[in-house]
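Report on the structure given below.
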Amino acid sequence: MRVRRLKQLLLFGPYVVFLISIILCISLFILVARENRRIDAMQEEIEHLSTNQDGLIEKVSSLGSAVDELSDAVGAISNELSLIDIGAIEGGKVRPVSTRTTWPTRVYLTFDDGPSANTEKILDILDEYGVKGNFFVVGTESENLRRMYKRIVDEGHVLCMHSYSHKYNEIYSSVDAFTEDLDKIHSLLVEVTGQEPAGYRFPGGSSNSVSRIPMKEFIKVLDERGITYYDWNIVSGDATNPMLPKEKIIENSLSDLCEFEEAMILFHDLSNKTSTVEALPEIIEAIQEKDIPIVPIDDTTIVIHHYTQ
Ligand SMILES: [Zn+2]
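Its first residue numbered 1, the sequence shown is counted upward by one per residue in our numbering.
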């Protein structure tokens, strides 16, 4: 019996071992295949998630720039609104009624938002007519544009600050944010020109309705540092989109000159404002024909403030 069993074992043993090995191999294969499928599924999931995340980031950033654009537009509108004389509207006329019939004693040409691709052209025109301008500049990372700060100062024009970022939602978010931005543009201008900037102009003006923090908080920061801020009393209208035609800029800049003892005209030094550059020679010629001096801001300038307590 024992010998027969031994024989049977010897005869079937290898087959059994072989069979068990095959079964083990197949099970292992199935197991590996299943794990592979799981890994694939997980990878797909990860890819899907990261694509979604990219999409989400894109959406958030496009939303951010839309908010920026909107706040710029609101700022521009509030500028325009701040210049409308309420009393004059009540009297049935949009323009303030002036009793002055004489020309202003001095005119200031002020250029906001530069430096830009147009700064050199503006400087060339001012040089050609022998007049000095007033540049309220913002910050830039471009070395080429930073050279413009120096050229403005070197050629005897007035260089003032107009914030570093010009982003209303950042600058006006808190007194700390405003101060940080002010420090940034201040040190950049001092570093490049070696001179103290001559003043400040609030993005959107001192009576903008964009800031949720009362403007007097920011005015206090400037006062503490002895920095004078300037608004304007004549709007060339070149901030509009689409770009205002040259003729309209000339008309806006000149038609109200008689209203003021000193006229401070607001222009924009932005690369897409080419009609401003085109309008400038005729504006200067018309003012010079009336013998009105076009001058840089100094200690004797009548300071225009829109903000009222
Ligand atoms: Zn501006």
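Idealized CB from N, CA, C, for every residue including glycine.
| query | result |
| --- | --- |
| Distance, residue 209 Cα to residue 84 Cα | Any reading at residue 84 needs caution, since the residue's pLDDT is 37, under 50, leaving its predicted position unreliable; the model's value is listed next. Straight-line Cα distance between these residues: approximately 14 Å. |
| Heavy atom of ligand 1 within 7 Å of residue 197 beta-carbon | no |
| Residue 306 Cβ short of 7 Å to ligand 1 heavy atom set | no |
| Pair within 8 Å by beta-carbon distance, residue 106 and residue 292 | yes |
| Extent of the continuous beta strand (DSSP E) run through residue 185 | Careful: residue 185 lies outside any beta strand (DSSP E), inside the alpha helix (DSSP H) at 175-193. |
| Beta-carbon proximity check, residue 254 vs residue 286, cutoff 8 Å | yes |
| Boundaries of the beta strand (DSSP E) in which residue 228 is found, first to last residue | Per DSSP, residue 228 belongs to no beta strand (DSSP E) and is neither H nor E. |
| Straight-line Cα distance separating residue 113 from residue 140 | 10 Å |
| Environment of residue 205 [buried if 16+ CB atoms lie within 10 Å] | buried |
| Coil, strand or helix - residue 78 by DSSP | Note that residue 78 scores a pLDDT of 46, beneath 50, so its modelled location is shaky; the value from the coordinates is reported in the next line. In this structure, residue 78 counts as helix in the three-state DSSP scheme. |
| Where the alpha helix (DSSP H) containing residue 119 begins and where it ends | 119-129 |
| Residue interval of the alpha helix (DSSP H) (run including residue 134) | Per DSSP, residue 134 belongs to no alpha helix (DSSP H); it is in the beta strand (DSSP E), 134-137. |
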